[in-house]
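Below is one structure, written out as C-alpha cells; comments come after it.
There are 2 protein chains.
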Amino acid sequence: MGALDALLRPRAVAVVGASPSPAKAGHQLLLSLAPFPGPVHPVHPRASEVAGRPAHPSVGAIGEPVDLALLAVPPAALLAALRDCAEAGVGAAAIHAGGLAEAGAEGAALQAELLDVARSAEIRLLGPNTSGFLDPAARLHATFVPGVAAIAPGPLAIVAQSGGVNHQLAFAAQAEGIGVRLAIGLGNAADVDVPDVLDQLADDAETGAVVLALEGVRDGRRLIAAIERLTARVPVIALKAGRADVGAFAQSHTGALTGSYRVAHAGLAQAGAVVVQSTQELLDAARALLCGRLAPREHAGLGIVTGQAGPGLLLADELSVAGVRVPELGAAPRARLAELLDPITYQRNPVDTGRPGPSFREVVATVGGAEEIDALVVHALLEPGALDPVADLSGATDVPVVFSTGGPPAQVADVTRRLAGAGIATFASPERAARAAAALVQDAARAWRRRERDAADAAAAAPLAAATGAPAVPLAAAAPLVPARPLAAAPPAAPAAPLAAATGAPAALTAPLGAPAAPLDAPAADPLDATAAAGPWDEASAKALVAALGLAVPAGVVCADRAEAHAALARLRAPVALKLVHPQLRHKSERGALRLGIATPRELDAAVDALAAIDDLQDARLLVEEMAPSGPELLLGAVRDPAFGPIVVLGAGGVAAEALDDVAVRIAPVAVGEAAAMLGELASAQLFGGFRGQPAVDVHALGAAIAALSRWIAERPDVAEVEVNPLRVTAHGLIALDALVVAT
Amino acid sequence: MGALDALLRPRAVAVVGASPSPAKAGHQLLLSLAPFPGPVHPVHPRASEVAGRPAHPSVGAIGEPVDLALLAVPPAALLAALRDCAEAGVGAAAIHAGGLAEAGAEGAALQAELLDVARSAEIRLLGPNTSGFLDPAARLHATFVPGVAAIAPGPLAIVAQSGGVNHQLAFAAQAEGIGVRLAIGLGNAADVDVPDVLDQLADDAETGAVVLALEGVRDGRRLIAAIERLTARVPVIALKAGRADVGAFAQSHTGALTGSYRVAHAGLAQAGAVVVQSTQELLDAARALLCGRLAPREHAGLGIVTGQAGPGLLLADELSVAGVRVPELGAAPRARLAELLDPITYQRNPVDTGRPGPSFREVVATVGGAEEIDALVVHALLEPGALDPVADLSGATDVPVVFSTGGPPAQVADVTRRLAGAGIATFASPERAARAAAALVQDAARAWRRRERDAADAAAAAPLAAATGAPAVPLAAAAPLVPARPLAAAPPAAPAAPLAAATGAPAALTAPLGAPAAPLDAPAADPLDATAAAGPWDEASAKALVAALGLAVPAGVVCADRAEAHAALARLRAPVALKLVHPQLRHKSERGALRLGIATPRELDAAVDALAAIDDLQDARLLVEEMAPSGPELLLGAVRDPAFGPIVVLGAGGVAAEALDDVAVRIAPVAVGEAAAMLGELASAQLFGGFRGQPAVDVHALGAAIAALSRWIAERPDVAEVEVNPLRVTAHGLIALDALVVAT
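These protein sequence lines are chains U and P, in that order. Each residue of the first sequence is one higher than the last, beginning at 1 in UniProt numbering. Each residue of the second sequence is one higher than the last, beginning at 1 in UniProt numbering.
Below, the structure written as C-alpha cells:
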C-alpha cells in the first residue's frame, strides 16, 4: 500500500461538477472515465443523470464509498465541494480548476484553506490547476483531456509539474510505441508533490523508467532523496524548464552565478537522474533505457557500426559533442574485422561496413564483443536486399544496441516494432540515436558515481585505523577558527596574530612560497569553537577557515597599525601585499583596498597612506601578506539555495569568470570524487591542466577542499556564504589569496 | 538549360553493370528506374535481358542516344565503361562504386584518370562513391537504395555530400509529408560538386527550399557564391558535419582557434544559409520556411500563444536559448487581450489562454496583428471540444504561424496535413516548433544583413562626396607601412623612428593616453608601398599596419641600442614598457622579452640587461612604449583557411581566450555591420560591454577595424596571418598593444 493509493489506485470515483454540457471539463472527465471498471458517480446539484450514469446532488448522497473525487467546479465552489468530500470519507481529491495560488493572494488564501480542509480530513489533494492523470493498465483516465483511452499500458511513468506537458508526453509516448504505467500532472501541488509520486513509484514493480518534467522545485532535498531511491532500481530521466533563466537575484558573486536552473540540474544529476533538454529527448532516452541499462561505469565506451558512412559521421559527431567515448578497438577485434570487411572500409571504431552485406551480423557481434565496448550504436538504411535489421541485430551481441535507420515510413515503423521486441530501440535519425545512447552512458556514469560515493561514505564511517581511503582532509580534525576582531569593538591589546599560527594548520600549508614563514607570536585569543563564530567575518578569519579546510593561504600578519605593518614587512618574504581587513569590505580591488608588490618600508608607507584614505573603513585592520607565485585562478564558493539548501560552486576566477558565467555546482555535501569532477565541467577546464606552461591543478587536492567546504557549509546554518576568490593554482599547490564568509 | 541537364534531366538512361542478381546494386538500379517514363537500357556483357528489359553488351551497342549512364561496375571495370560512354556520346555518368579517392593513392589515381576521360568527352560525372539521386516529379530514381518510389514530388531540394545522408533525409521528408524536388548525394564529387548542383537549383522555379548536408568543403568561395544566389530567392538550410572537430593544425594562435567547422559555419551563415545541428532540424526548418519566409529583419520578434502554459514555458525557454526575441506586447493588443481572456492568464507575451475557448482565434489574430510581432508560435493540445486548430488558426493572422500540438497520433497527422494546406507547419513537440520558428528568424536576419551589406557596398562604390555612409576607415587612404629593419641586416644609421610619426596616422590615434606624444623625428625611411612589404615583419612594422587600419597603438620608439632607449624614456610618458622587436619573436611574455612599468633610467638599464640575455635574439631591436590604461583585452586576427581563403577572427584576448576557444570568425572581406556583430557571438561578450566598471568597447569602431583588416587581408596574398593581441579596450578607445604579421 502506497501513501497515494486512494488517489492513484481508487476503487470508486466521483466527478463533482459532472456537467451535461459536452464542452465542459466535468463532462469530458466522465467520458474519459468510461472505460474504468469500478463505479463512477457523477455529482451535479440538479441533474439526475449525466452521460448515461445516475447523478447525485453531493458526494455524501452517493451512499457508497468513494476513494477519489475529481472536482470540476469553479474556485468559488471548491470549499463546499471538498467539505462534502470530507464528510463522505473520500480518500483523495483532484482539483482541476486554475485561479488559485498561481493567480495571486486571494487564490493563495483559498488554496491554503482547501489544504487545511484536506489535511484535517486526511484527504490527499492533487492540484489545483491540473488536467489530471491516467493509468492505462487500470483503465483509469482521470483527466479532462480527450483521446487518452488509446494510450497503451506499459512500463513508463511520466511525472510532470504541468498537466499540459504531462499529456504532451503521454501522447508522444503513444506515438513512439512506449506503453505508459502512469502519467500525472501535478499542477500547483498544494499537497501531492513530485517526491510523493516518485516515492509511490519506487515501490511499484511495474514501473520500468520514470521521466520527470519539472518547472520549479520546492524542496530540493526531498526531491533528491526520492530520485536516489528510484534510480537504485529504475532509470530516471529529467527535464527542467528554465534553461534561459540565470537568476540574478542573489547579492554576491557566487549567488549571482548559480541561477536556479543550474542548481536544479546539479541536484538532479547528483541524485542519479539523466538530465536532458527537450521532451523528445526525454522519451528517446527512456526508450533506450527501457531496453536495458548499462552496468555502472564512469566513462562507458561506445561502438559505432554503420552501413553508410555519412550518417555514421553525424552520429559520431553528436556522441563526441555529448562527451561520449568512442574508443579505438583492440588488435583482436580489428583482426577479425579485417577478415569480414573490404580493406577500403574504416575498421577502428567507428566501423563502417560499406554497403551492408552478409557479414553485417558478425561485424556487430565482433564490435559488441570487444572489451573496450559497453554498448553499440548501429546505423543502416533499410535495404531489404542487403540487410535485414531484425535478423542481423537481434541477439547478435550481449551489449545494449541502439539502432538508427531510414527508409519508407511503414517499413521503419515495422522494423522499430519488431526490434523493440528484441530489446533494441530504433530511431529515425542518427542524432537522436546518438543522444539516446549518450543517455545510457550518462545513466551508467551516475550509477558509478553513486557506488563510489557509497564506498567513500562507508570508509569514512569505518574506524579511523581502517579508513585508509578516507578523504585527505578530514574536517573533524580541522583547526579552530579565528573570528573577526574589528578594531572599534575590541582594540587588540594582544600582539598581531600571524594567520599561520592562529589557525593551527600545519606550517607547510601556510608557507607555500619556498621558505616557511616563522611563527611569530602566540594566537591573540583562544581559538573559538566553530559554531560560536557567528557575526561578522573578516578576511583573516575567513582565511583561517579555508586553511582549516585544507587549503594553503599566504603567510601573513594582521596588523593594527603602521608600526605593526613595518614589523611584519621586516619578518616576511618581500615583496608583500597590503590589504584592508574589514567585515564590510567586499571587492577589494575595486575599492582600492589592495596594494601589491611592496618591497621597501617606503613603499609600505605609501601603501598605508593610500589605504588609510578610504573613508568608510576607518576601523579596518591591515593584512600584510607574502605574494603568491603566479598561476591561473579559480573561484571556490558555498552558498544557500532557496530550494536545495547549501551548495558549493567552482568557477574560473576573476572578472572574466563572472562575465563568462563559467561555474560548476554541486549540492552539499559532496564526495571527493564527485567534487573533483566539477573542474572538468568548466568551459575553461583546459586552463587549469597545465595550459601553456602554467601550473596544473592537483585535481584530488581540489576535490578534497571542495568536499571539505561542502561538509562544513552543510553543518553551519549560521553561514550564508563562503567565497574563496581567487584560489590560485601554483606550482606549489592551491593557495587561497582572498576569502570571504558571510553570516546568515 | 542548366549545366547539369544531362545528369538531372536525362531523356534516356543506361545502367552499366545491370546485374540479374537481385542483391546487386546494378539490379536494384533497374528496379528503381522502373517508373521512369523514358528509355532505360540495361548494359551487361552477356545477358540478353535483365529485369524484363532487353540488355546490351555496351552503351555503344544500344544504338539510341543515352543522356545518363549509371555505372554499377567495380572500380577495375570503370575506365572501360566510361570510355564506352564517351564513344557513345553520353552526356553524364554516375559512378556508384567506392574505393576510389577516399581509399588511398591507387584509388585517387584511378579517379583522376576517370575525370580526364570525362572531361575530354564532356561527360559530367556524379560520384564516385554515391548511391545516386532522385527526382520524384520526373519519376527518375537513379539510386540503388530501394523503396524510394513512394517519395512524393514537391518543393524541397536535398543536396548531401553523403549518399547515405541524402537518403536519410529523403525518407525523413517523406515521413514529415514534405515533397521532394531533387535529392542527390555527391559522394567523392570528382566533378559535380555542391556548388554545381546549387547553381542548377538557383534557376529552378520548382525549388522552394534547399537543405544542404556537408562534410568537407573544397572551394568555400564558390560555395558561398552559389548559396548567395540561391538565398536571394529561396531559403537554404545547412548542416555541417564535424562540430566536434576543432582542428589543431595551424601553427599560430589564430589558426589554432579556427577549426574548419567554425570557418565553414561562418561561411554558410555569411552566405545567407540557416545553419542547424541535426538532420531533424534541417527538415523542421525547411518545413517552416516552405510555409513562408519572414521579411528581412535584424531581430524579428516572436509571439507565443498557448492553450497550456507548461509546454509554452518549454517553447519560450527554447526560443530564449536560441536568442530569439519574444517582445512584450504594446498597450493596444494587451487591452484587447484583457477583453478576450480570463484575468488570471498571462497576457504580455507569451500569451496563455488557459484552457482554450471560443476566443482562441481572436487571441491569435490579436497577437499576430501586434506591431511588435513578426511571426507566431502557437501551442495547444488537441481538445476537439475546446479547440479546432484548423478552424482557429487558418487565416487567423497575416504573419507566419508555427504550430505545436499533442494528441492521438492519427489526429495529429490529420491536423498536420490540413494545416499544411493552410500554410502552417505543425510539430509534435514544443521544442521542435521553437527551433523551426528560430530558423524563420535566422533566415530573416540573414536577409537583413545581406541588404545592409549591399547598401554599404553601393555607398562605398558611390563617388566620395556622396558617400556619407562609407566606412569610418577607408583603407585606400591608409598610411604606408614600415617594414622590419633587422639590425643585423641593416644597422640603423637613421635615428630611431617613433611609430606615431612613421605610420602617418593622425596624432590622436597614437596618443590615446591623455597627453599626445610629441612627434620626435622624421621617419627613418621612405614609407614603402604596401605591396612591396613582403618578407619578415616585426612588431614595429606590424603595429604600423594596424595603425593604418584605424586602430590606435601606444606612443613608442624603436631603438637600436641602450642609449636610444634612454632617450626614448626621457621623451615618453613614464612608466613605459620595454620589448624586444624581432621578426622571429612570438609569444613575448613567455619568452621573457617584455618588461612593464619602467619609470626610471635605472629600471630601464635593468630591463635592457634582462632582455639582452635572451640568447637567440641578439640582432633584435628594442621598443620603448608608453603603457596603456587598463581594460579588457580582445584578440583580432586574420588568417588563410584552406577552403575559404582569408578569414578574420575576433576573440577574447589572453591565455584564457585560447583555453576557452572563445572566438568569432568571418570570411574576408566583411562589412562593418556584420563585423561588429562578431562581438556578440563571444561567450565573453558581456566582458566588453562595460562590465563591472571596466571600459566598454566602441562596437562600431571595432567593426570598422575588423572590416578594414578583412579588406586588407583579402587583397594581400603575400600575408599568411595577422594577429593583434592584445587589443585592449580602454576608456580612450581600442589600443593594439602587440601585433604580429606573418608573410606567406
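The beta carbon of each residue, even a glycine, is placed where N, CA and C say it ideally should be. Only a predicted model underlies this, so the values are computations on that prediction, with no experimental measurement involved.
Applying a beta-carbon distance threshold of less than 8 Å, which residues of chain U neighbour residue i?
i: residue 39 of chain P; result: In chain order: nothing, as chain U lies at least about 25 Å away.
i: residue 429 of chain P; result: 168, 172, 278, 279 and 280
i: residue 175 of chain P; result: 409, 412 and 428
Please classify residue i: is it buried, with 16 or more other beta-carbons within 10 angstroms of its beta-carbon, or exposed?
i: residue 54 of chain U; result: exposed
i: residue 44 of chain U; result: buried
i: residue 98 of chain P; result: buried
i: residue 609 of chain P; result: exposed
i: residue 729 of chain U; result: buried
i: residue 690 of chain U; result: exposed
i: residue 168 of chain P; result: buried
i: residue 659 of chain U; result: buried
i: residue 666 of chain P; result: buried
i: residue 265 of chain U; result: buried
i: residue 75 of chain P; result: buried
Going by beta carbon distance, what residues of the same chain come within less than 7 Å of residue i, once the five residues before and after it are set aside?
i: residue 254 of chain U; result: Note that residue 254 of chain U scores 37 on pLDDT, short of 50, meaning its location in the model is unreliable; the coordinates nonetheless yield the value given after this. Result list for residue 254 of chain U: 637, 639, 649, 721 and 723, in chain order.
i: residue 314 of chain U; result: 430 and 431
i: residue 702 of chain U; result: 676, 679 and 734
What are the boundary residues of the beta strand (DSSP E) that includes residue i?
i: residue 641 of chain P; result: 633-641
i: residue 740 of chain U; result: 739-743
i: residue 95 of chain P; result: 92-95
i: residue 155 of chain U; result: 153-160
Between residue i and the rest of its own chain, which residues show a CB-CB distance below 8 Å, the 5 nearest in sequence each way excluded?
i: residue 120 of chain U; result: 86
i: residue 569 of chain P; result: 576, 598, 601, 604 and 624
i: residue 251 of chain P; result: Annotation note: pLDDT 32 at residue 251 of chain P (below 50); position unreliable, coordinate value reported separately. Result list for residue 251 of chain P: empty, nothing under 8 Å.
i: residue 595 of chain U; result: 577, 578, 579, 607, 610 and 611
Using a C-beta to C-beta distance shorter than 9 Å, which residues of chain U count as neighbours of residue i?
i: residue 299 of chain P; result: None at all; the shortest Cβ gap to chain U is about 16 Å.
i: residue 123 of chain P; result: Here the premise fails: no neighbours, minimum Cβ distance about 25 Å.
i: residue 243 of chain P; result: 317, 318, 320 and 321
Give the DSSP bridge partners of residue i, in chain order.
i: residue 598 of chain P; result: P:576
i: residue 352 of chain U; result: U:306
i: residue 240 of chain U; result: U:214
i: residue 427 of chain P; result: P:404
Tell me which residue opens and which closes the alpha helix (DSSP H) that residue i is part of.
i: residue 217 of chain P; result: Per DSSP, residue 217 of chain P belongs to no alpha helix (DSSP H) and is neither H nor E.
i: residue 279 of chain P; result: 279-290
i: residue 26 of chain P; result: 25-32
i: residue 706 of chain P; result: 699-714
i: residue 265 of chain U; result: 260-271
i: residue 328 of chain U; result: Note, residue 328 of chain U: premise wrong, no alpha helix (DSSP H); not H, not E.
Output needed for residue i: all residues of its chain with C-beta closer than 6 Å, excluding positions within five of it in sequence on either side, in chain order.
i: residue 198 of chain U; result: 226 and 230
i: residue 241 of chain P; result: 215
i: residue 346 of chain U; result: 352
i: residue 687 of chain U; result: 632
Run down chain P in chain order and give the residues with a C-beta less than 9 Å from the C-beta of residue i.
i: residue 111 of chain U; result: The premise fails here: residue 111 of chain U is roughly 13 Å from chain P at the closest Cβ pair, so nothing lies under 9 Å.
Anything in chain P within Cβ reach of residue i, meaning under 8 Å, just list it in chain order.
i: residue 680 of chain U; result: Those do not exist, as residue 680 of chain U stays about 13 Å from chain P at its closest Cβ, beyond 8 Å.
i: residue 162 of chain U; result: 308, 309, 310, 311 and 313
Could you work out which residues of chain P lie near residue i, taking near to mean beta carbons separated by less than 7 Å?
i: residue 382 of chain U; result: 147
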